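Sequence lines, in order, name chains A and B.
If you're matching positions, the first sequence starts at 1 in the UniProt record's numbering and goes up one per residue.
If you're matching positions, the second sequence starts at 1 in the UniProt record's numbering and goes up one per residue.
For glycine and all other residues, C-beta sits at the position ideal for the given N, C-alpha and C.
In this text, all values refer to a predicted model and were calculated from it rather than measured experimentally.
Please read the structure below before turning to the comments.
There are 2 protein chains.
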Amino acid sequence: MPSVDICFSPELLPLYDLRGKVAVVVDILRATSSIVTALANGVTHVFPVAELAECAALGQQHGCLTAAERDGRAAEGFDLGNSPFGYLPGGRLPVRGRAVAISTTNGTLALRRSLAADAVVVGAFLNLQAVADFAQAQQKDVVVVCAGWKGKFCLEDTVFGGALAERLAATFDVTSSDDTLAALHLWQQARPDLHAYLLQSSHVRRLNSLEANKDFDFCLRLDEYPTTLPVWQDDRLVAAG
Amino acid sequence: MPSVDICFSPELLPLYDLRGKVAVVVDILRATSSIVTALANGVTHVFPVAELAECAALGQQHGCLTAAERDGRAAEGFDLGNSPFGYLPGGRLPVRGRAVAISTTNGTLALRRSLAADAVVVGAFLNLQAVADFAQAQQKDVVVVCAGWKGKFCLEDTVFGGALAERLAATFDVTSSDDTLAALHLWQQARPDLHAYLLQSSHVRRLNSLEANKDFDFCLRLDEYPTTLPVWQDDRLVAAG
């Protein structure tokens, strides 16, 4: 029976052997939620990048849209901020048929460190079922790679790991590692009112102070895009399928 | 108001600035439980060491007792195993008035990486109140350093962190970091039946397979030694006093 492991921080990834496994990279607030939303709304592919300069360069060289923010707003000279609402109908720019370079420090680090895996996919509450279906079909060990907050444990990514473990519990071993057990327990506490539970988190409270409550609410929607699965291919994320 | 942070693995310690803080090193199964038991039962001081060879050398050079194990038994050529029962009345050797070199890989790593702190103390369920009293008296930020299991998150050390955070909650900030929030939630789930809760853990199941249930039961006793506080001094742990 394949297993589910949850790596709480990219800093701990050297302890996990990803070869032959599926890596699920998660950065709920907001990188992976935005990437899922982008691909679900017609964006052709996403380049996740760590630095603003690299983001801008991709925009100039490849003609893709650029998404980056400073202090909660679209950074100057970039097309979009890091909110998933930038990709929804009614957003600032049409995105269908375009590629996007998205600046995300924690998310990019987690992705780049996960490339030893057989498959690297992107998870969020928005596409939880798509991730679960992919894992079921692959029947390989799964490692959820939490982007965390500046390398530290964060509650929302971990709780996502617990939610995924729960969906896989019938056909995966979800009790043989303590990180998965803890994530499952935290998810079970959070599930009755995910919104209230995650409002406790320090990261979320920072978001609140930036008046990004709308993003927060959206990123917690379960299965908004139940068939959208961003997968890593060469140097970019594309929708599987 | 000083804060309580919980570092889930020595691998994450570079992300925590320990200067000016109190580090509480914890390795419930079984290093720090054994160290607390040793000092509570008349051992004068403890040298925690990572390697068996170093442990043996300390025994020869300083005439201290040596404690090390392989596969759940006292390793050949060493005086004691790693069980806390070695220090209790009725143990294999008299320990009162002796120094002990204890071999513990995870625990030693956690201790050595914590030395930037203002004070480094050793915590276990056995001396939970002693640790809480010390933190209250110091009124400095506290970082619980979980020894973990080969660098990975482990449930029993984290749950200890939650128990300590709960005892300090009236006068410390225990809600500003996600690691402390998670540890508190896990402790609250575990508290009604700590024994059953931790029996789930992979590490504990390994212990069980070595027929070390007696150690496990003992290490979960709360406040067995409510005034014994091992503190790091120069190159050793001594009882604060």
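query: Which one of G241/A, F153/A, R30/A has the shortest CA to CA distance from A183/A?
result: From the listed residues G241/A, F153/A, R30/A, the smallest Cα separation to A183/A is found for F153/A.
- request: Return the residues of the segment 135-148 of chain A that lie within a Cβ-Cβ distance of less than 7 Å from chain B, sorted by chain order.
  value: From the segment 135-148 of chain A, no residue has a Cβ closer than 7 Å to chain B.
- prompt: Can you give, in chain order, each stretch of the beta strand (DSSP E) that sits fully within the segment 75-106 of chain A and has at least 3 residues?
  reply: List check, beta strand (DSSP E) in window: 99-103.
- request: Determine the closest residue to A116/A out of F218/A, L15/A, G241/A, with distance taken between C-alpha atoms.
  value: For the residues F218/A, L15/A, G241/A, the minimum Cα distance to A116/A belongs to L15/A.
Interface flag, H195/A vs chain B, CB-CB below 8 Å: So, not an interface residue.
field: Beta carbon proximity, L12/B to chain A, threshold 8 Å
entry: At a cut-off of 8 Å, the C-beta of L12/B has a neighbouring C-beta in chain A.
task: Kindly indicate if chain B contains any beta-carbon less than 8 Å away from that of A182/A.
output: Chain B, which has a Cβ nearer than 8 Å to the Cβ of A182/A, makes this yes.
- prompt: What number of angstroms, rounded off, separates the C-alpha of G20/A from the C-alpha of D173/A?
  reply: A straight-line Cα-Cα distance of about 16 Å links G20/A and D173/A.
message: Let me confirm a value: H185/B is counted as buried when at least 16 other C-beta atoms fall within 10 Å, else exposed. Which label applies?
response: Under a 10 Å Cβ-count criterion, H185/B is classified as buried, with 16 or more other Cβ atoms of the shown protein chains found around its own Cβ.
- prompt: From P48/A to G162/A, what does the alpha carbon distance come to, in whole angstroms?
  reply: Within the model, the alpha-carbon separation for P48/A versus G162/A is close to 25 Å.
query: If we cut at 8 Å on Cβ distances, does L109/B have a partner in chain A?
result: It does not; no Cβ of chain A falls within 8 Å.
- prompt: For chain B, is any of its Cβ atoms less than 8 Å away from the one on L21/A?
  reply: Note on residue identity: the sequence assigns Lys, not Leu, to residue 21/A. No, because no Cβ of chain B sits closer than 8 Å to the Cβ of K21/A.
message: Assuming the contact rule is C-beta atoms closer than 8 Å, S201/A and D178/B should be a hit. Round their C-beta distance to whole Å, please.
response: In this structure, S201/A and D178/B form a Cβ contact; the two beta carbons are roughly 5 Å apart against a cut-off of 8 Å.
query: Under 8 Å between the Cβ atoms of residue 262/B and A147/B?
result: For residue 262/B there is no data in the structure shown, the boundaries of chain B being 1 and 241.
message: Can you list, in chain order, the residues of its chain with a C-beta nearer than 7 Å to that of Q189/A? Leave out the 5 residues immediately preceding and following it.
response: Same-chain partners within the cutoff: Y197.
- request: Please list the residues of the segment 165-180 of chain B that have a C-beta atom closer than 8 Å to any C-beta atom in chain A, keeping them in chain order.
  value: Result list: T175, S176, S177, D178, D179.
message: Quick check: what's the CA-CA separation for G123/B versus P230/B?
response: Rounded to whole angstroms, G123/B to P230/B spans 8 Å at the Cα level.
W149/A - partner residues in DSSP beta bridges: Answer is K152/A.
- prompt: Per DSSP, E69/A is paired with what?
  reply: In the DSSP assignment, the residues bridged to E69/A are A74/A.
query: Beta-carbon separation of T158/A and G107/A under 8 Å?
result: Not closer than 8 Å, so no.
- prompt: Are F8/A and F8/B touching if we call contact CB-CB under 8 Å?
  reply: Note that the C-beta distance between F8/A and F8/B is below 8 Å.
message: Quick check on DSSP: helix, strand or coil for D173/B?
response: Three-state result, D173/B: strand.
message: For the segment 55-65 of chain B against the segment 137-147 of chain B, do three or more pairs of beta-carbon atoms, one drawn from each stretch, fall closer than 8 Å, so that the two count as touching?
response: With the cut-off at 8 Å, the segment 55-65 of chain B and the segment 137-147 of chain B do not touch.
task: Using the Cα positions of C64/A and I102/A, report the straight-line distance between them to the nearest angstrom.
output: If you take the alpha carbons of C64/A and I102/A, they lie about 10 Å apart.
Nearest neighbour of L237/B, chosen from G42/B, E166/B, R167/B [CA to CA]: Closest by C-alpha distance to L237/B, out of G42/B, E166/B, R167/B, is G42/B.
message: Here's the rule: buried if 16 or more other CB atoms are within 10 angstroms of the residue's CB, otherwise exposed. What is N127/B?
response: Classification of N127/B: buried, given that the 10 Å Cβ count is 16 or more.
- request: Rank S176/A, D223/A, L164/A, A170/A by C-alpha distance to the C-alpha of W187/A and give the top, closest one.
  value: The candidate whose alpha carbon is nearest that of W187/A is L164/A.
message: I need the straight-line Cα distance from E211/B to L39/B, nearest angstrom please.
response: Model confidence at E211/B stands at a pLDDT of 48, short of 50, so the residue's coordinates are unreliable; what they give is reported in the following sentence. Between E211/B and L39/B, the alpha-carbon positions lie close to 25 Å from each other.
query: I think T180/A touches I28/A, with their Cβ atoms under 8 Å apart; what is that distance to the nearest whole Å?
result: A Cβ-Cβ separation of about 17 Å leaves T180/A out of contact with I28/A under the 8 Å criterion.
query: When the Cα atoms are used, what is the spatial distance from G151/A to T104/A?
result: Take the alpha-carbon of G151/A and the one of T104/A: they are about 13 Å apart.
- request: Report yes or no: is there a C-beta of chain B within less than 8 Å of the C-beta of C219/A?
  value: At a cut-off of 8 Å, the C-beta of C219/A has no neighbouring C-beta in chain B.
- prompt: Using CA coordinates, which residue listed in A50/A, A67/A, T227/A is at the minimum distance from A99/A?
  reply: Per the Cα distances, A67/A.
- request: Measure the Cβ-Cβ separation of A130/A and Y225/A and say whether it is below 8 Å.
  value: Yes, the pair counts as a contact, with Cβ atoms nearer than the cut-off.
Local Cβ density within 10 Å of T228/B, reported as buried at 16 or more and exposed below that: Answer is buried; the Cβ neighbour count reaches 16.
- request: Could you check how far apart the C-beta atoms of V204/B and E156/B are, in whole angstroms? I think they sit under 8 Å.
  value: With a Cβ gap of about 7 Å, V204/B and E156/B count as contacting.
message: Check whether chain B comes within 8 Å of F153/A, counting only Cβ atoms and requiring the distance to be less than that.
response: At least one chain B Cβ lies under 8 Å of F153/A.
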